[in-house]
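Peer 1:
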Amino acid sequence: MLEESPSIVHDVSVAAAVGRRTLPQRLCAAFTQSLGAQRAALSFLPRMEHWRLLHATDEPALRGEATQFTLGDGPSVSAALRMRPVHVRDMRRATCRAGSPLREGLADVRQVLALPMYVQHTPVGVICLYYTVRAEVTDAHVAEGQHAAGLALDALLRWRAVHGSDECACPVWTTDTRAARWERIHQAAGYLAAREDCPVAEALSMLQAAGARDGLSLLDVSDALLQPRDALAHDVPAARTGGPVAAAHGPGPHTALL
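Under our numbering, the first residue of the sequence shown carries the number 884, and numbering increases by one thereafter.
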């Protein structure tokens, strides 16, 4: 049972103060314990085209995060791209995009809370909390968790300069199919940003909106733009309303980061 007054900000502050080399693990532990989750994953985007998993509390959390970033779809991806928290209250009833086997990697997960980490308008990472049992996660918990995610990012940016080098013993995907698929998404975003003369983050939102409109994954939309076989690629630019796609309380249009 979650407390009425979340202690997540305090717990994350303590983790940041004593974390040192084990900071990613301590942050995941702080978020899971304070927000009542059973597992967590902390992802980082040192470069937008490279997804880097800093820590997962267990193998199912790793698989859940890998599934999302492989497909370019899911709460973690949505939160990262939109730079807004995404809370899926019931994964069993949530509808995924056409052809997206998201539930295969999240088979026992009942709800998900993804908290983005970003600097100004640039996605930097995401912490995803997986709940395998029912928990009453309120709007106050989400808001407090997002505040704590900002503190976590400040600590991670300082930690990275000391401990986050390529020699750090962290799982990093930069050459396998997961990274290759994620890189295609950002190649498409870069192409669209140049074509539409807009920031890459806005181009990612356009791609995501097109996927939500047509029932396709972000990866499918990106591939259609890079290798057009029909009119879909020409329909990607959406109305520019002056901000990211609106947040959702489910895995409909998803976002990505870190």
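The C-beta atom is built at its ideal place from N, Cα and C for all residues, glycine as well.
#1: Report the option in R909, Q921, Y1013 whose CA atom is closest to the CA atom of V895.
#2: Do you know how far the Cα of G1008 is from the Cα of L1036?
#3: What residue range does the beta strand (DSSP E) around L1090 cover?
#4: Quick check on the burial criterion: 16 or more other C-beta atoms within 10 angstroms. Buried or exposed for A1116?
#5: Can you check which of these residues, S1100, E948, R903, is closest to L1145 by C-alpha distance?
#6: Pull up the distance between the alpha-carbon of A898 and that of F914, whole angstroms please.
#7: Straight-line CA distance for R903 to W1042?
#8: Does the beta-carbon distance from M1000 to A1032 come in below 8 Å?
#9: If you count every other CB in all the chains shown that lies within 10 Å of the CB of Q1091, and 16 or more means buried, which is it?
#10: What does the Cβ neighbour count give for E942, buried or exposed, with the cut at 16 atoms within 10 Å?
#11: Given that a residue counts as buried once 16 or more other Cβ atoms are within 10 Å of its Cβ, and exposed if not, what is A1026?
#12: Between which two residues does the beta strand (DSSP E) containing G1008 stretch?
Peer 2: According to the structure data:
#1: Ranked by Cα distance from V895, the first of R909, Q921, Y1013 is R909.
#2: In this structure, the alpha-carbon of L1036 lies about 8 Å from that of G1008.
#3: No beta strand (DSSP E) holds L1090; the alpha helix (DSSP H) holding it covers 1083-1097.
#4: Because the pLDDT at A1116 is just 47, under 50, the model does not fix this residue reliably, and the value given afterwards should be weighed accordingly. Classification of A1116: buried, given that the 10 Å Cβ count is 16 or more.
#5: Residue 1145 falls outside the range modelled here, since the chain spans only 884 to 1141, and no answer is possible.
#6: So the alpha carbons of these two residues sit roughly 10 Å apart.
#7: Near 7 Å, if we compare the C-alpha coordinates of W1042 and R903.
#8: Contact flag set, yes.
#9: Residue environment for Q1091: buried (at least 16 other C-beta atoms within 10 angstroms of its C-beta).
#10: E942 is exposed by the Cβ-count criterion.
#11: With fewer than 16 Cβ atoms within 10 Å of its Cβ, A1026 is classed as exposed.
#12: Unbroken beta strand (DSSP E) run through G1008: 1005-1014.
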